[in-house]
Amino acid sequence: MVVSETLDDPWIKIKTRGARVVVRDRRAVGRAARAEAVTALALLRAPVQEVLDAAVQLLADLLPQVRAAVHLVDGAAMRERSVPEVPLARDHLGVLLVLQDDDGRALGLLEVQGADLGAEDHALVRQIGDVLQAVLVREQELRLARDNERRLVEAQRISHVGSYDFELATNTNRWSDQLYRIYGREPQSFEATYEMFLSLLHPDDRERVLAVHEHALATLEPYEMEERVIWPDGQLRVLASWGEVVPDADGKPARMVGICWDITERRAIEEQLVREALHDRLTGLPNRALLMDRVTQALGAVRRHGRTLAVLFIDVDRFKVINDSLGHDAGDEVLVQVARRLQDTMRPGDTVSRFGGDEFVVLCEDLDHPAQALALATRVQEAIAAPVVVGEAELVITVSTGIALPSTPADDAGALLRDADSAMYRAKHDGRARSVLFAEAMRIEAMDRLDTETQLRRALSEDQLRVHYQPLLDLATGALVGMEALVRWEHPTRGLVLPTGFIAIAEETGLVVPLGEWVLERACEQLVSWHRDHPQHRGLSMAVNLSGVQIQRPDLAARIGAILRRTGVDPAAVELEITETVLMRDAEGTLAVLQDLKALGVRLSVDDFGTGYSSLSYLKRFPVDTLKIDRSFVDGLGREAEDCAIVEAIQGLAASLGMTTSAEGVEETVQLEVLRRLGCPRAQGYLFSRPKPAEELDEVLELS
Numbered sequence: 004m005v006v007s008e009t010l011d012d013p014w015i016k017i018k019t020r021g022a023r024v025v026v027r028d029r030r031a032v033g034r035a036a037r038a039e040a041v042t043a044l045a046l047l048r049a050p051v052q053e054v055l056d057a058a059v060q061l062l063a064d065l066l067p068q069v070r071a072a073v074h075l076v077d078g079a080a081m082r083e084r085s086v087p088e089v090p091l092a093r094d095h096l097g098v099l100l101v102l103q104d105d106d107g108r109a110l111g112l113l114e115v116q117g118a119d120l121g122a123e124d125h126a127l128v129r130q131i132g133d134v135l136q137a138v139l140v141r142e143q144e145l146r147l148a149r150d151n152e153r154r155l156v157e158a159q160r161i162s163h164v165g166s167y168d169f170e171l172a173t174n175t176n177r178w179s180d181q182l183y184r185i186y187g188r189e190p191q192s193f194e195a196t197y198e199m200f201l202s203l204l205h206p207d208d209r210e211r212v213l214a215v216h217e218h219a220l221a222t223l224e225p226y227e228m229e230e231r232v233i234w235p236d237g238q239l240r241v242l243a244s245w246g247e248v249v250p251d252a253d254g255k256p257a258r259m260v261g262i263c264w265d266i267t268e269r270r271a272i273e274e275q276l277v278r279e280a281l282h283d284r285l286t287g288l289p290n291r292a293l294l295m296d297r298v299t300q301a302l303g304a305v306r307r308h309g310r311t312l313a314v315l316f317i318d319v320d321r322f323k324v325i326n327d328s329l330g331h332d333a334g335d336e337v338l339v340q341v342a343r344r345l346q347d348t349m350r351p352g353d354t355v356s357r358f359g360g361d362e363f364v365v366l367c368e369d370l371d372h373p374a375q376a377l378a379l380a381t382r383v384q385e386a387i388a389a390p391v392v393v394g395e396a397e398l399v400i401t402v403s404t405g406i407a408l409p410s411t412p413a414d415d416a417g418a419l420l421r422d423a424d425s426a427m428y429r430a431k432h433d434g435r436a437r438s439v440l441f442a443e444a445m446r447i448e449a450m451d452r453l454d455t456e457t458q459l460r461r462a463l464s465e466d467q468l469r470v471h472y473q474p475l476l477d478l479a480t481g482a483l484v485g486m487e488a489l490v491r492w493e494h495p496t497r498g499l500v501l502p503t504g505f506i507a508i509a510e511e512t513g514l515v516v517p518l519g520e521w522v523l524e525r526a527c528e529q530l531v532s533w534h535r536d537h538p539q540h541r542g543l544s545m546a547v548n549l550s551g552v553q554i555q556r557p558d559l560a561a562r563i564g565a566i567l568r569r570t571g572v573d574p575a576a577v578e579l580e581i582t583e584t585v586l587m588r589d590a591e592g593t594l595a596v597l598q599d600l601k602a603l604g605v606r607l608s609v610d611d612f613g614t615g616y617s618s619l620s621y622l623k624r625f626p627v628d629t630l631k632i633d634r635s636f637v638d639g640l641g642r643e644a645e646d647c648a649i650v651e652a653i654q655g656l657a658a659s660l661g662m663t664t665s666a667e668g669v670e671e672t673v674q675l676e677v678l679r680r681l682g683c684p685r686a687q688g689y690l691f692s693r694p695k696p697a698e699e700l701d702e703v704l705e706l707s
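This is how it looks when you write it as structure tokens:
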């Protein structure tokens, strides 16, 4: 840079050459010329050291009688000095260059030495010192600006954040290097005009981005948005940006500035998390939450457009047997294959979801008629029926399906699923492997079941349960040899409720566990009382039923043992009855439970024998004492030859296995006579006595 100034005195010129201030004809330099020389020094744009050297040279030109020097030192010793002029020694003059760094240190000193320094000379030195002070300040500001820019670039690179500054008047869009990289380009690889920016966006996003910018320009409001950009290699990246409009002095938009960063990976993670939250991990199907949302939306469409929909609630039959016999890995594989078959069977647009456990729900939309739902359910049954290969096992799977359609515009997703669930349970109750369309009577039945469950829980806590006892007789002597404990519910409004009215619900809800233990404890206490009060009946036994839910509990033997000890009953006088169906549900597991129970000293009997298709190989391994002949065979004795043959076969089987038998449901004399002829040792039934409360049997015990 060259600066030329002409003074009023035609004999004097001051020029700058490079980083020097040259004074022509020093003899004529006066106050004005000195001021011009100082101004020229201040206008120099050169490295700091060159400006300092030029200042020393200028002092030599203007004050030939002095020696000048500039010291850039730590200056820690001068830190406390605040005066601009520092006396050093005689004929010396020093001016602190008070530029301080972050630690507050003075950075330099202008020192002048010479004789005859007058007031104007002192002023000149101070003026040049001020210039040098300003130069150092400017240099520090430039250095800080460069450092900040470097840090900003580095921060943008590390944080993957780019910046832009778009000048509207010139269509100049200045991008940081990192912003180029975010857009998949090399830094400064093209002129970043606004049109170029739009061309890099995904075509479907351009109008939206343009609309956001136009709104910001019209309102001067900050904006933020997401846009997609296509990299040269075809990658689709998702970007987030934030910006604002900078107005000019008149309040009109002048610039748009902002930042942008790549959120592709974050969006992918978020989408994955959303997917995991809304989809089943095992099958990949929509889960309950997503299904409920889609059913809600579909019901809204039904109300708007008038077409109908259906929900199919599908449950895999006897799935627990698969888990228990082949293991949970095999069960999982079955569920995966069932899910795949459901997807292959349904129409495009239908939603197949895993509702939980072995339950699946299918949402069938846009149906013309309810018959379509029944046809789809039939296709499901056929698709699932094909054998499923799991490891080396080939399984035949069946499902029970409940179908529900919206009956009123007010139906919501929860009500529709509830109705389909009720229909599915009806399909289970009717024999499994079938489809049932929901009817209003099922809803009433479901409400009754819920009401029964609620009241049954209250019955346990409010002492509404009672134990009645039915006598067991020796058929050879007619003597009373035992009692069977049977629970009754003394309902406050419904009267005495038999087990058929609540035991099934108790088993489904798990209430049968505390109920069964309560019955066992009351029965044992009563037997101890009868043994004490009626010594002639010390051989009297007590039979108590165990439910399948109780058998599945690993601590069953321990809990029963605790009851036996607590009541003080003789274990040999207690007979625990297990139905044949429960016995064979998990034969190996049941065998272990029976062995634990037998170790307590109790007797074991198989109830309803002949109805559960026992495997004889298992039956001979079970530690069973008694086979109870089911009432369905006893009922035909004397009339049906087949029943007589069955009872005779059971009697022979028991004898060959070292077991005894007893018959239940004896109501007619002819049945009693046949049982005696066939050698059945014991029996019970209405012919002898109905189940009665303990106090009504006291007199019988006293007289017998």
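Here the sequence shown is numbered in the numbering used here, starting from 4 and rising by one per residue.
C-beta: ideal position from N, C-alpha, C; glycine also.
Just so you know, these numbers come straight off a predicted model, no measurement behind them.
Under the 8 Å Cβ criterion, the stretch 583-599 counts as touching the stretch 547-558, having at least three qualifying pairs. Of the candidates Pro50, Ala426, Lys431, the residue whose Cα lies closest to the Cα of Ala444 is Ala426. Only residues of its own chain outside the window of five on either side were considered, and among them Val627, Asp628, Thr629, Leu630 have a CB closer than 7 Å to the CB of Met662, listed in chain order. As summarised for the stretch 495-560, the continuous beta strand (DSSP E) elements at least 3 residues long and confined to that stretch are 498-500, 544-548, given in chain order. Comparing alpha carbon positions, the residue from Arg437, Ile632, Gly417 closest to Glu385 is Arg437. Comparing C-alpha distances from Ala560 to each of Ser544, Val516, His534 shows the shortest one belongs to Val516. Here the alpha carbons of Ala575 and Glu487 stand approximately 15 Å from one another.
Here Cys683 carries a coil assignment [DSSP, helix/strand/coil].
Arg184 and Arg284 have their C-alpha atoms spaced approximately 37 Å apart.
In the structure shown, the three-state DSSP call for Asn290 is coil. Comparing C-alpha distances from Arg306 to each of Gly334, Glu230, Pro409 shows the shortest one belongs to Pro409.
For the stretch 379-445, the continuous beta strand (DSSP E) assignments of 3+ residues that do not extend past its boundaries occur at 391-393, 396-398, 402-407, 438-440, in sequence order. In terms of CA proximity to Val128, Leu44 leads the group Pro694, Leu44, Ile262. For Ala313, the closest of Lys623, Ala388, Arg231, Phe441 by C-alpha to C-alpha distance is Phe441. Between Glu456 and Thr512, the gap from beta carbon to beta carbon is short of 7 Å. Contact check for Leu135 against Ala58 passes: the beta carbons are separated by less than 7 Å. Taking one beta carbon from each stretch, the stretch 263-279 and the stretch 330-346 have fewer than 3 pairs nearer than 8 Å; the two do not touch.
Here Val577 really is in contact with Cys527; their C-beta atoms are around 7 Å apart, less than 8 Å. With a cut-off of 8 Å on Cβ pairs, the stretch 369-378 is not in contact with the stretch 338-345, counting fewer than three such pairs. Per DSSP, His205 lies in no beta strand (DSSP E) segment and is marked neither H nor E. It is roughly 55 Å from the alpha-carbon of Gly688 to the alpha-carbon of Leu293.
Bounds of the beta strand (DSSP E) holding Gly359 are 354-359. Beta-carbon to beta-carbon, Glu230 and Leu213 are separated by about 10 Å, too far to satisfy the 8 Å threshold. Between the alpha carbons of Glu705 and His537 lies a gap of roughly 7 Å. Contact between Leu514 and Leu459 holds, since their C-beta atoms are separated by about 6 Å, short of 8 Å. For Ala243, the enclosing beta strand (DSSP E) starts and ends at 239-250.
Taking 8 Å as the upper bound for CB-CB distance, Val637 and Gln674 are in contact here, some 6 Å apart. Of all alpha-carbon atoms in Ile554, Ala418, Glu698, Ser692, the one lying nearest the alpha-carbon of Phe316 is that of Ala418. Residue pairing by DSSP places Met259 opposite Phe169, Val248 in a beta bridge.
The three-state secondary structure of Phe316, taken from DSSP, is strand. The shortest C-alpha to C-alpha distance from Leu603 to any of Asp589, Gly592, Thr593, Leu579 is the one to Leu579.
Within the DSSP secondary-structure output, Arg491 pairs in a beta bridge with Arg469. Excluding residues up to 5 positions away in sequence, nothing lies with its Cβ nearer than 7 Å to the Cβ of Gly237 in the same chain. Short of 7 Å from the beta carbon of Ala657, and not among the five residues preceding or following it, lie these beta carbons of its own chain, in chain order: Leu630, Thr663, Thr664. For Phe612, the pairing in a beta bridge is given by DSSP as Ile632.
For the set Gln52, Met228, Gln60, Arg569, the Cα lying nearest the Cα of Ala40 is the one of Gln60.
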